[in-house]
Every structure is written in C-alpha cells, then in structure tokens.
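Q: Numbering (the UniProt record's numbering), first residue to last: 1 to 157.
Quick reminder that beta carbons are idealized off the backbone N, C-alpha and C, glycines included.
All values reported here derive from a predicted model rather than from experimental measurement.
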C-alpha cells in the first residue's frame with residue numbers, strides 16, 4: 001500500500017534520487033544528457049529542494065518506508081503542478097495518480113490545474129491525458145542551450 005505524506009527536508013536525498021532516475025529514464029532519450037545533468041543540478045540541489053519543501057505543497061509517496069515518488073504543487077494566482085515523478089520501477093502502478101489526487105485535495109479554491117510537459121514526452125503526455133488534462137498551447141523554450149518544445153496542459157478540478 002502506498003502512503004502519501006508531506007515531504008520534509010529529510011526526504012531531500014530520496015527526492016534527488018527519484019528525480020535523477022526519472023529524468024535520465026525519460027529525458028536522456030529526447031534531449032542531450034548534459035542538458036539533463038544541468039537541469040537536475042539547478043532544480044534539484046539541496047538548497048532549492050529545501051526551499052520548495054518549505055514554500056509549496058511537496059508530497060512524497062512511500063511504499064514499505066521507501067520514497068517511490070513525489071509531486072510538487074505551486075499555488076498563486078493559478079495552481080501549477082511543478083513536478084510529479086515516480087521511480088521507474090513503480091511507474092504504471094497508479095502512484096502518480098494517487099499523488100495527483102492527494103495534492104488536489106489541498107486546494108479547494110482553484111478551478112483548474114496547469115502543468116508543462118515536453119511535447120515529445122509521450123509517457124507523461126499519456127498520463128496527463130488519462131488523468132483529465134487537455135492541451136492549451138505548445139511553445140518552444142530554451143533549456144541550457146537546447147530548444148525544447150513544451151505543451152501547457154490544464155485540468156478542470
């Protein structure tokens with residue numbers, strides 16, 4: 001059984017491990033490995049993660065006391081799913097959907113949830129479609145010198 005709880009700073013090493021596994025498993029196929037490494041260092045260093053854990057809703061999924069996934073929601077004028085990653089060994093076991101549902105239970109004042117996804121990340125696009133997201137628009141973004149086409153998706157909540 002999977003348990004969802006709020007992340008603490010003690011979870012940082014496990015979050016970094018899952019982010020690295022998931023990013024290399026997914027993005028090394030669709031972008032340069034150096035871009036993946038630079039992104040992980042920028043977005044998942046200890047200081048940045050501790051700040052995200054303190055400033056936003058950051059959830060972890062555990063199974064048998066092992067962190068197997070995480071999700072980060074950022075709320076302001078709009079509600080964004082900033083990150084949702086699951087250890088590749090536990091993907092397709094409903095962990096991502098459970099993280100998504102648990103996060104949405106914290107936000108009653110919003111009518112929509114937004115997320116950005118690389119357009120050629122077919123696995124993530126399939127997950128988002130299955131969980132009710134629709135494409136709003138596509139655009140190009142520079143990521144450490146590499147052009148990445150992204151989709152902005154939204155889900156009515």
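Keeping to the same chain, check which residues put their C-beta closer than 6 Å to that of residue 50; ignore five residues upstream and five downstream.
A: Excluding sequence neighbours, residue 50 sits near 9.
Q: Of all the options 83, 91, 151, 131, which has the alpha carbon lying nearest to the alpha carbon of residue 39?
A: Of 83, 91, 151, 131, the residue nearest in Cα terms is 83.
Q: For the beta strand (DSSP E) that residue 82 lies in, which residues bound it at each end?
A: Per DSSP, residue 82 belongs to the beta strand (DSSP E) from 79-86.
Q: If you scan the segment 27-63 from start to end, which runs of the alpha helix (DSSP H) of 4 or more residues do you find wholly inside it?
A: Qualifying alpha helix (DSSP H) stretches, in chain order: 33-43, 46-55.
Q: Where does residue 102 land, buried or exposed, given buried means 16+ other C-beta within 10 angstroms?
A: Flag for residue 102 reads buried.
Q: What residue from 64, 70, 45 has the CA that sits closest to residue 97's CA?
A: The shortest Cα separation from residue 97 among 64, 70, 45 belongs to 70.
Q: Between which two residues does the alpha helix (DSSP H) harbouring residue 124 extend?
A: 122-130 is the extent of the alpha helix (DSSP H) around residue 124.
Q: If you reduce the DSSP assignment to three classes, tell me which class residue 24 lands in.
A: Helix.
Q: Quick one: give me the first and last residue of the alpha helix (DSSP H) that residue 102 is part of.
A: Counting along the chain, the alpha helix (DSSP H) containing residue 102 begins and ends at 95-104.
Q: Counting Cβ pairs, one atom from each stretch, are 3 or more of them under 8 Å apart for the segment 112-119 and the segment 55-69?
A: Taking 8 Å as the limit for Cβ pairs, the verdict is that the segment 55-69 does not touch the segment 112-119.
Q: Is the beta carbon of residue 72 less than 7 Å from the beta carbon of residue 52?
A: Their beta carbons are under 7 Å apart, which means residue 72 touches residue 52 by this criterion.
Q: Provide the residue span of the beta strand (DSSP E) that contains residue 147, from first to last.
A: Element bounds for residue 147: 146-156.
Q: On the three-state DSSP scale, how would you describe residue 111?
A: Looking at residue 111 - three-state DSSP - the assignment turns out to be coil, as it is neither helix nor strand.
Q: Just to confirm my understanding: we take residue 140, look at its own chain, exclude 5 residues before and 5 after, and list those with CB closer than 8 Å. What are they?
A: Correct list, in chain order: 147, 148, 149, 150.
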